[in-house]
Amino acid sequence: MTALPHHACPVVLAAPSGTGKTSIARALVEGSSEYVFSVSATTRQPRSGERAGEHYHFVSEGRFRQLAESGELVEWAEVHGHLYGTPRNAIEKPTRRGQHVVLDIDVQGARQIRERVPGAVLVFVFPPSADDLVARLTGRGTEEDAEVLRRLTNARAELAAAQEFDYVVVNDDLDEAVAAVRAIVDAEVHRPARAEGLAAIVQRLRAEIDERLGARRE
2 MTALPHHACP
12 VVLAAPSGTG
22 KTSIARALVE
32 GSSEYVFSVS
42 ATTRQPRSGE
52 RAGEHYHFVS
62 EGRFRQLAES
72 GELVEWAEVH
82 GHLYGTPRNA
92 IEKPTRRGQH
102 VVLDIDVQGA
112 RQIRERVPGA
122 VLVFVFPPSA
132 DDLVARLTGR
142 GTEEDAEVLR
152 RLTNARAELA
162 AAQEFDYVVV
172 NDDLDEAVAA
182 VRAIVDAEVH
192 RPARAEGLAA
202 IVQRLRAEID
212 ERLGARRE
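With the working numbering applied, the sequence shown corresponds to residues 2 to 219, in that order.
Right under this line is the structure:
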């Protein structure tokens, strides 16, 4: 036995816009059978190339609110006039298969996950500096100055939530940041609380030791 069987853990990545949490999430999932994306539900229309059930579960506003009211969404929020949320099954099914579910969400969503998903691991991603964050936002070339200002204002507020998280990772180098998140998950799955049938394993090992002790005393 080289490792104890363990329960997988949902991994929440949250950060201000422009910090690179989505890039970290993608790097964790790509080419891996251990990590999978959580597929969110949304009321917005599919964009070009998006497939239902793979990128999002596209639902009506009425259906979305039914899911929220019945507790089938573990977190949800309204963003730019559309509703987005994480179905409970999107976390529970992969977790039962032993896969770590990666959630790329905002601070508000992370707080809801903390309340409703025991065992979730919350990771806050930092930019290496304010100048770097500004450079990433303006370097996209897709946002107007007013939008950049709005995102920076939100980032300032969101940074205050970092102390609510289990871990913090600085995304200065993407490969290093991904490695840090993997190391966090590797450490988490070795917690006694995540070990499957730990009491039975301890009992079996103790019984085996008792047998050896008895044989040596004879």
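Here a beta-carbon is modelled for each residue, glycine too, at the ideal position from N, C-alpha and C.
Beta bridge counterpart(s) of residue i as assigned by DSSP
i    : result
D105 : L14
A42  : H58 and G86
A196 : H7
L68  : Looking at the DSSP assignment, L68 forms no beta bridge with any residue, so it has no partner.
E79  : L84
V1   : Within the shown structure, residues of the chain are numbered from 2 to 219, placing residue 1 beyond reach of any answer.
A53  : Y57
L74  : P88
Collapsed DSSP secondary structure at residue i in the structure displayed
i    : result
V171 : strand
L206 : helix
V37  : strand
A162 : coil
V224 : No statement about residue 224 is possible, as the shown extent of the chain runs from 2 to 219 and does not include it.
A9   : coil
V149 : helix
V179 : helix
V118 : coil
G215 : helix
T23  : helix
R157 : helix
G63  : helix
For residue i, the nearest candidate out of the options (CA to CA)
i    : options                  : result
A89  : G82, H81, E62 and H58    : First, the amino acid is wrong: residue 89 is Arg here, not Ala. Looking at the Cα atoms, H58 is the closest of the given residues.
T96  : H83, L84, G82 and G120   : G120
A156 : G19, H8, A9 and L5       : G19
V171 : V126, R45, A161 and F38  : V126
D133 : H7, A91, S41 and G21     : G21
G72  : A196, R195, E116 and Q46 : E116
Q164 : T87, A111 and R192       : A111
Buried/exposed call for residue i, threshold 16 Cβ in 10 Å
i    : result
S34  : exposed
V182 : buried
E159 : buried
I114 : buried
A28  : buried
S130 : exposed
Would you call the segment 101 to 116 and the segment 13 to 24 touching, i.e. three or more CB-CB distances under 8 Å?
yes
Any contact between the segment 162 to 181 and the segment 22 to 41? By contact I mean 3 or more CB pairs, one from each, below 8 Å.
yes
Would the segment 80 to 87 and the segment 34 to 50 be scored as touching if the rule is three or more Cβ pairs under 8 Å?
yes
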